[in-house]
Every structure is written in C-alpha cells, then in structure tokens.
Amino acid sequence: MRIKVLGCYGTEFLRFKSCGFMINGSVMLDAGSIVSPLNLEEQRGVQDIFITHSHLDHIKDIFFLANNLLEEKRRTIRIHSAAAIVKLLKLHFINGTICPDFTSIPPGAGHVLGFKTIKEGVFYPLSQGISVRAEKVDHNIAAVGYIIRCDHGHVVYTGDTGPTEAIWKACNALGDLLAVFIECSFSNEQQELATLSGHLTPQTMAQELKKLKDKDYPIFIFHMKPQYLKTIEEEIHALGDERITILAQGEELDF
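Rendered as structure tokens:
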C-alpha cells in the first residue's frame, strides 16, 4: 500500500497545503488537497474519497475535482463518510447553492459524484486491495477517523481530533499496526485553544499514543498549523520518541 501526501497542514499558506492523502493512486483520505498537486491524468484515477468531517479544509477540493472531470465519461466518484457527516455535506456544501450538485449532473447516468453512507466499525472492501473502516473521534463537530487494512496489517488515520477513545480501542482489538497518522495542530502553550477547537498539541498527542497497546510502528504527524510549525516541531522532538516523523507534503510512504 502506497500513501502519497498531497497536503498535510492545518490551513493553507504559500507552499503549505491542507490535508489530502492518496492511497494506491485511487483512494483519498480527506479532500483538502487533490487537484493542485495532481495532473489531470492523476485526477482521473480518483475513485473513492473518505471524508473525516465537514470542515472546509478537508472537503474543498471535492468541488474542483468534480469540476475538472465534469465532461469525462467515467465511473462516479464515491464520497464515503458516516451518516451525520454525509448529511452535513449534502445540506451545506454539495447543495446546488455553495457548490453545484454534482450528484445529479451531468443528467442521466454517470453523475460525477455519489454519496456512500458507511457505518462505524465495519470494514468496506475496495477494488484496490484495501478495506477502510470508520471509527468515531472527538472533534468539535461530527467526525470519524479511518483504519485502512491491507494484506499485512492496518494503518490508522485520525483526521481532526482531540483526546478520544473509540479509534484506539478498535486498533488495540485489531493489532498488526503498520503506522499511525495522528494530528497535532497547535503548540503546548496553545492548549486551551486546542481543547476548545477539538485538536491535539504535542503533550496531548503523546498521551493519546499511550492508549495503544502495540508500540512497534512509525508515527506520522499531520495537520500542523504552519504559523506555529517551528514550535510544534521543537516540542515534538523534545518528546524523544524516535518513532515520530513530522510529515511534509509530497512524501510517498510504502506499507
């Protein structure tokens, strides 16, 4: 399984893109960054998008991808998430007002987008040789993280979250962890803001990792706010955990 980091930051600046992770050239975890890092042929490869929550920095490129592929004769791109999140996307984003309703255009068969509601705790197999499972996380809005299963283990992606429980319990039950992708948005001195907004700091991120029984896996940090990146990096390095890597966009990781 190959994961390409199209964007991994908690907002956008020059040279910093919001979150989008591409698996095996066809599956997206979040849609904050899809179109600007990919050429048109690569965009055509996207078949499934798994959304963690409805905040704009995780969904915005759904619009641009659909717009770019509007006249392509291809299979519908499936947007997957939990029921509460799909409801928010339909009501507030892909609603014909903020964004064209690409689930009904072009007319007839072959709409650009289609929604797929998924249940938490259930693995959904994909044709790319992987299965994806949603688990609840604790953000300041309805949110899930994802566990991705391949032939030889599991990768967990938290999406945006503060301190949480369900996804770690699921990981402990499954075992065979290949990697943990965990957010860390703010510095320790911004703990109050992180708590209010449902995010992690280096100190709370470290506490979350202690909830996992298995310790033999790499840890990849994402969703850093670029304006605080230097401080976040220093505080993470001070933890002394050699498993931790702070992600940068453009990286490709094989599991």
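Taking our numbering, I'd label the letters of the sequence shown as residues 187 to 441. Don't be surprised by glycine CBs; every beta carbon is placed ideally from N, CA and C.
Handout entry: The beta strand (DSSP E) enclosing D440, as first and last residue numbers
Key = Sequence index remark: in the sequence shown, residue 440 carries index 254 (1-based). Per DSSP, D440 belongs to the beta strand (DSSP E) from E438 to D440.
Exercise for the section: Could you say which of K302, E257, F250 and M187 lies nearest to C285 if we only look at CA atoms? Expected result: For the purposes of this step, residue 285 is taken as the residue at position 99 of the sequence shown. Among K302, E257, F250 and M187, the Cα nearest to that of C285 belongs to F250.
Problem - Where I327 sits in the DSSP three-state scheme - result: Taking the sequence shown and counting its residues from 1, the one referred to as residue 327 is at position 141. Three-state result, I327: coil.
Handout entry: Alpha-carbon spacing of K246 relative to K355, whole angstroms
Key = Residue numbering aside, residue 246 sits at position 60 when the sequence shown is read from its first letter. Residue numbering aside, residue 355 sits at position 169 when the sequence shown is read from its first letter. One C-alpha to the other measures close to 31 Å.
Practice task
Determine the contact status of H180 and S371, defining contact as a CB-CB distance below 7 Å.
Solution key: Residue 180 cannot be examined here, being either before or after the span of the chain that is shown, 187 to 441.
Problem - Proximity of L364 and F441 at Cβ, strictly below 7 Å - result: As a working mapping, residue 364 is identified with position 178 in the sequence shown. As a working mapping, residue 441 is identified with position 255 in the sequence shown. Yes, they are a contact pair.
Handout entry: Counted within 10 angstroms of its Cβ, other Cβ atoms place G282 as buried (16 or more) or exposed
Key = Within the sequence shown, numbered from 1, the residue matching residue 282 stands at position 96. By the neighbour-count rule (16 or more Cβ atoms within 10 Å), G282 is not buried but exposed.
Handout entry: Rounded distance between the beta-carbons of S219 and S204, thought under 8 Å
Key = Along the sequence shown, one-based indexing puts residue 204 at 18. Along the sequence shown, one-based indexing puts residue 219 at 33. About 6 Å separates the Cβ atoms of S204 and S219, confirming a contact at the 8 Å cut-off.
Handout entry: For V191 and G206, the rounded distance between their alpha carbons
Key = On the sequence shown, position 20 is the one that residue 206 refers to. On the sequence shown, position 5 is the one that residue 191 refers to. Taking the straight line from one Cα to the other gives about 7 Å.
Practice task
Using beta-carbon positions only, say whether T238 and A329 come within less than 7 Å of one another.
Solution key: The count along the sequence shown starts at 1 and reaches residue 238 at position 52. The count along the sequence shown starts at 1 and reaches residue 329 at position 143. Yes, the pair counts as a contact, with Cβ atoms nearer than the cut-off.
Handout entry: Nearest candidate by alpha-carbon position, reference V272, set G300, L256 and P293
Key = Translated into the one-based positions of the sequence shown, residue 272 becomes position 86. Nearest C-alpha to V272: G300.
Exercise for the section: Quick one: give me the first and last residue of the beta strand (DSSP E) that R264 is part of. Expected result: Along the sequence shown, one-based indexing puts residue 264 at 78. Its beta strand (DSSP E) spans residues I263 to S267.
Exercise for the section: Kindly indicate which three-state DSSP category V221 falls into: helix, strand or coil? Expected result: Locating residue 221 in the sequence shown gives position 35, counting from the first residue. Note: V221 maps to coil in three-state DSSP.
Problem - Residues bridged to F202 [DSSP beta-bridge criterion] - result: Here residue 202 refers to the residue found at position 16 of the sequence shown. DSSP lists F199 as partners of F202.
Handout entry: One or two residues paired with G193 in a DSSP bridge
Key = Position 7 of the sequence shown, counted from the start, is the residue given in the question as residue 193. Paired residue(s): G206.
Exercise for the section: Leaving out five residues on either side along the sequence, give the residues of the same chain with a beta carbon under 6 Å from the beta carbon of P404. Expected result: For the purposes of this step, residue 404 is identified with residue 218 of the sequence shown, where counting begins at 1. Once the five neighbours on either side are set aside, the close Cβ partners of P404 are A365 and R429.
Practice task
Grab the span of the alpha helix (DSSP H) containing K355 for me, first residue to last.
Solution key: Taking the first residue of the sequence shown as position 1, residue 355 is located at position 169. Counting along the chain, the alpha helix (DSSP H) containing K355 begins and ends at A352 to L360.
Handout entry: For S290 and Q233, the rounded distance between their alpha carbons
Key = Reading the sequence shown from its first residue, position 47 is the one you call residue 233. Reading the sequence shown from its first residue, position 104 is the one you call residue 290. The straight-line gap from Cα to Cα measures roughly 17 Å.
Practice task
Tell me whether T390 sits in a helix, a strand or coil according to DSSP, three-state version.
Solution key: Working through the sequence shown from its first residue, we reach residue 390 at position 204. In this structure, T390 counts as helix in the three-state DSSP scheme.
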